[in-house]
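Okay, so the sequence shown: first residue is 74 according to my numbering, each after it adds one. Just below is one structure, and these are the notes that go with it.
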Amino acid sequence: MKKTLLFLSLCLLFVSCVHKTPYKEEYYFQAMGDSSEIVITADVDKLKDSSLNILPVDNEIANRADRITVGLLPETTEVYPLPMESYAINGAIEGNFGKLVTNTALSWSKEFEKEKKDGLKYYTNGSIQAAVPKSGILIFSDTSYKEHYERTIKNREKLISDEIAREMVGAAASLYLNTPETLLDIGFELPDTALKKIERCYFLIDDVDGQLYMNGKLIMYDESGAKTMNTILRNQLLVSLRKSGVKFNVKDLAAFFAYEGNTVSINDFALQGDMAAKAQALVTQAVGSMI
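Dropping the structure here:
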C-alpha cells in the first residue's frame, strides 16, 4: 500500500481541485464494525499535533487526508491476543482526492492492474485492491474491494451509533469493537472469558502536552459482567503502578474506572510505559502503514 500512495503522492502534487469526504450527514466508518471487526479511525490533523504522529513529512497523501479509517477482520478467533498480520485489512482515506485523477494515477502505475467485477472498477497489485469510488474518499482492501465497497458504500448500513461516532471523531485516534471473539494486544490483559462478555466497546486516545490519555466505554451483556470487568481493570492498573514504582492512592482508582449498570467507563486514564507503547504501536501499524 505504501508504494501505491507514494506514486499517488507524486501525481497529486500537480492537482489543485479541492475535494472533501462525500459523507456529510454521517461518518463513513459507521458502516463498519461487524462482529469481531476492529475499527480504528484517526483525525489526521490531530495526529500531526500529537505524539501519535506517525505520518511522513512532506507527503502529499498525508497533506490531503482528513481522516484515515482501518477495519481489521480476524482470520481466526481461536487465538487471543491475535497479532496484526492475522487480520484482513479494509478501510478508507478521506480527503482531497479526486475520482478521475486518483484512479488515473493508479492506472498509470506499472505496479497495478485494472480489474472489473460486475461493472465495478478497481486496481490491484496482487496484495492490495484500491480505487476512488467517489471524489473525496479512497477505499482499499487486501481481500475483496468489491465486498468492502458494497458493505460500506453501495449497500451501507449504520452499525456504529451516532452517539459513539461523535465521540470517536472528537479524539485523535479511536478504536471500536463489536462482540469480540478475539482482540489485538492493546495493553489490557483481559482474560478470554471476560473478553467474550463484552457486547461492544470503544476507546478514545488523545494527547495532552505529550501525555497520552484514554477514555472509553465497555458495554457488557449484564451488570455482573460490568462489575467483573471493572475489577479486572483496576487490578491490572494496581499491578502496573506497583511494577513502575509509582506512588498512588487506591481510592483514586475510582476516578479512572467505574461502572454503572452494564457499562464500564474509562475516564482520563493516563497511559504509561507498556500501555503507551502499545497504543503508539497500534496506531503506527494500523493507520501509519496506509500512507
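Here a beta-carbon is modelled for each residue, glycine too, at the ideal position from N, C-alpha and C. Quantities reported herein were computed from a predicted structural model and do not represent experimental measurements.
For this session: Please work out which residues of its chain come closer than 8 angstroms, Cβ to Cβ, to GLY361, disregarding the five sequence neighbours upstream and downstream, and give them in chain order.
Result: ILE127, LEU128
Exercise. Relative to the alpha-carbon of GLU167, which residue among GLU186, THR177, VAL91, ASP191 has its alpha-carbon at the smallest distance?
Worked result: VAL91
Exercise. What's the C-alpha gap between ALA115 and VAL242?
Worked result: 8 angstroms
Problem set entry | Span of the beta strand (DSSP E) around LEU268 | That residue, LEU268, is in no beta strand (DSSP E); its alpha helix (DSSP H) goes 265-268.
Exercise. What are the start and end residues of the beta strand (DSSP E) that includes TYR286?
Worked result: 284-293
Exercise. Does DSSP classify ASN251 as helix, strand or coil?
Worked result: strand
Exercise. Considering THR175, what are the terminal residues of the alpha helix (DSSP H) in which it resides?
Worked result: 172-181
Exercise. Hey, which unbroken runs of the alpha helix (DSSP H) at 4 residues or more fall wholly within the region 105-145?
Worked result: 117-121, 133-137
Exercise. What are the boundary residues of the beta strand (DSSP E) that includes THR336?
Worked result: 336-343
Exercise. In chain order, what residues of the same chain lie with their CB nearer than 6 angstroms to the CB of ASP341, ignoring the 5 residues before and after it?
Worked result: TYR286
Exercise. Along the chain, where does the alpha helix (DSSP H) that runs through VAL356 open and close?
Worked result: 346-359
Exercise. Straight-line CA distance for GLU184 to LEU193?
Worked result: 20 angstroms
For this session: Return the bridge partner residues of LYS194 from the DSSP annotation.
Result: LYS189
For this session: Could you tell me which of SER108, ALA328, ARG140 sits nearest to ALA246, measuring between CA atoms?
Result: ARG140
Problem set entry | Same chain, Cβ closer than 7 angstroms to ALA161, neighbours up to 5 away in sequence not counted | LEU146, GLU148, ASP215, THR216
Exercise. Alpha carbon to alpha carbon, what distance is there between PHE213 and ASN198?
Worked result: 12 angstroms
Exercise. Taking Cβ positions, are ASN132 and ILE364 nearer each other than 8 angstroms?
Worked result: yes
For this session: To the nearest angstrom, report how far apart ASP295 and ASP265 are at their CA atoms.
Result: 17 angstroms
Exercise. LYS231 to LYS207, Cα distance in whole Å?
Worked result: 19 angstroms
Exercise. Which same chain residues, not among the five before or five after TYR222, have their C-beta less than 7 angstroms away from its C-beta?
Worked result: LEU193, PRO206, ILE212
For this session: Drop a sphere of 10 angstroms on the beta-carbon of VAL323, count the other beta-carbons inside from all chains shown, and report buried for 16 or more, exposed for fewer.
Result: exposed
Exercise. If you measure from the beta carbon of GLY209 to each beta carbon in chain C, is any gap under 8 angstroms?
Worked result: No chain C is present in this structure, which holds just one protein chain.
Exercise. Cβ of LYS290 within 8 angstroms of Cβ of SER338?
Worked result: yes
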